[in-house]
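The block underneath contains the structure these notes are about, expressed in structure tokens.
Protein chains in written order, with my numbering: chain A, 46 to 248; chain B, 46 to 248.
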């Protein structure tokens, strides 16, 4: 028996380029028979540890920020993805990351991830709000009350902190990132390269 | 009479991703009938003004730096470009930028740009050295003695400083960048998108 080709997809629900990658990845991976392992995490601690900043790099350097918004608009047109520039950036993605972690390896996980990203970047909703997150859990077929309560437990918080530690150990410095058998690919522009690598290195 | 499609290619001879873009661009642009306007400039002043750093961002954040070297190795394999990780990074690209500016709009310009990039990233030569630059001028069919002397003139220095001012006015924050009728594309990953834009917006 051989292991199926798979890719670890590391993302932050507040990250604009993670949104593009999260929506593009599932159909492309499925078409190649590559399994997606969703890895929600928080960029904030990485940015603080590596760059000493407490905000998005796109806010810290507004010239780069202006470009990013224009680039996102063009990318979403290119890939025919819905897009609405969020009225607040970055959103606090802590709660979204926690419930996504709690849904790990359930059949509902891909749909939940997609819905949370669309809430943030197609509908300009505040993904830090329990109402918004609860509604998306419901839509994805998961029990909102139960998961929102679990999200507040110390073990869930620890689980998300452990993701940051894993991300650092893998050499991550931004999102989205793809990891295939220890090989790191950064940025949604590397999505196809990561899938190529997964297919080539399988078996 | 209609203007031919063209792309302004902004690059720094010390920039690794500029190397990849500089070698990939000419055949792709030629195949689409898009004219390349070479725009050598220095990233240093931009990085200092926008990020307050005096070194390459890849050195300032070594985690990102480690990734970049691996990514470059993979990219050059993918595009079948020669690659040798430079023993010093970044190189001082001041002299190279000045002689490239002096060769602007000569038939030898594309060959000179290519040779200077290959010196830095395929042969690990010091492009700050007048001997190295003089040899590449000669190879490109340009008079080394004359151009090296001109490179030291105040008007040449001013011309390169003016490039930085133009780069800032265009919203640049890194290299390589492509500008098509005011539309900015950042990174060698956007090369094809920039050429698409040039073709679509011509006439």
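Just so it is clear, CB atoms sit at the ideal spot from N, CA and C, and this is done for glycine as well. Quick caveat, the model's predicted, so the values are computed rather than measured.
For residue i and residue j, what's the separation of their Cα atoms in angstroms?
i, j, result
"residue 76 of chain A", "residue 104 of chain B", "38 Å"
"residue 111 of chain B", "residue 154 of chain B", "33 Å"
"residue 192 of chain B", "residue 83 of chain A", "56 Å"
"residue 106 of chain B", "residue 113 of chain B", "11 Å"
"residue 141 of chain B", "residue 96 of chain A", "31 Å"
"residue 233 of chain B", "residue 199 of chain A", "44 Å"
"residue 149 of chain A", "residue 100 of chain A", "28 Å"
"residue 169 of chain A", "residue 134 of chain A", "10 Å"
"residue 203 of chain B", "residue 126 of chain B", "34 Å"
"residue 240 of chain A", "residue 79 of chain A", "7 Å"
"residue 56 of chain A", "residue 224 of chain A", "11 Å"
"residue 48 of chain A", "residue 74 of chain A", "15 Å"
"residue 50 of chain B", "residue 242 of chain B", "9 Å"
"residue 158 of chain B", "residue 145 of chain B", "7 Å"
"residue 98 of chain B", "residue 171 of chain B", "23 Å"
"residue 196 of chain B", "residue 206 of chain A", "54 Å"
"residue 109 of chain B", "residue 201 of chain A", "29 Å"
"residue 115 of chain B", "residue 122 of chain B", "11 Å"
"residue 194 of chain A", "residue 124 of chain B", "50 Å"
"residue 247 of chain A", "residue 147 of chain A", "28 Å"
With a threshold of 8 Å on Cβ separation, who are the neighbours of residue i within its own chain once the five nearest residues in sequence on each side are excluded?
i, result
"residue 160 of chain A", "181, 184, 185"
Where DSSP assigns a beta bridge to residue i, which residues make up the other side?
i, result
"residue 84 of chain A", "A/55"
"residue 231 of chain A", "A/222"
Which residue's Cα is closest to the Cα of residue i: the options?
i, options, result
"residue 237 of chain B", "B/85, B/131, B/72", "B/72"
"residue 53 of chain B", "B/203, B/81, B/228", "B/81"
"residue 139 of chain A", "A/79, A/131, A/86, A/49", "A/86"
"residue 143 of chain A", "A/128, A/123, A/208, A/242", "A/208"
"residue 164 of chain B", "B/206, B/119, B/131, B/195", "B/131"
"residue 151 of chain A", "A/187, A/108, A/122", "A/187"
By Cβ distance below 7 Å, which residues in the same chain neighbour residue i in space, the five residues on each side in sequence not counted?
i, result
"residue 162 of chain A", "58, 64, 67, 68"
"residue 189 of chain B", "179, 182, 183"
"residue 70 of chain A", "54, 81, 236"
"residue 245 of chain B", "none"
"residue 129 of chain B", "166, 167, 168, 169"
"residue 120 of chain B", "65"
"residue 216 of chain A", "229"
Excluding sequence positions up to five away, which residues of its chain have a Cβ less than 6 Å from the Cβ of residue i?
i, result
"residue 117 of chain A", "61"
"residue 137 of chain B", "173"
"residue 156 of chain A", "185"
"residue 102 of chain A", "none"
Inter-stretch contact at 8 Å, needing at least 3 Cβ pairs: the stretch 53 to 72 of chain A / the stretch 214 to 232 of chain A:
Judged by Cβ distances under 8 Å, the stretch 53 to 72 of chain A makes contact with the stretch 214 to 232 of chain A, as three or more pairs qualify.
Check whether the stretch 202 to 214 of chain A touches the stretch 88 to 104 of chain A, taking contact to mean three or more Cβ pairs, one atom from each stretch, closer than 8 Å.
Proximity of the stretch 202 to 214 of chain A to the stretch 88 to 104 of chain A meets the contact definition, three or more beta-carbon pairs being nearer than 8 Å.
On the three-pair Cβ rule with 8 Å, is the stretch 226 to 234 of chain A touching the stretch 169 to 179 of chain A?
Taking 8 Å as the limit for Cβ pairs, the verdict is that the stretch 169 to 179 of chain A does not touch the stretch 226 to 234 of chain A.
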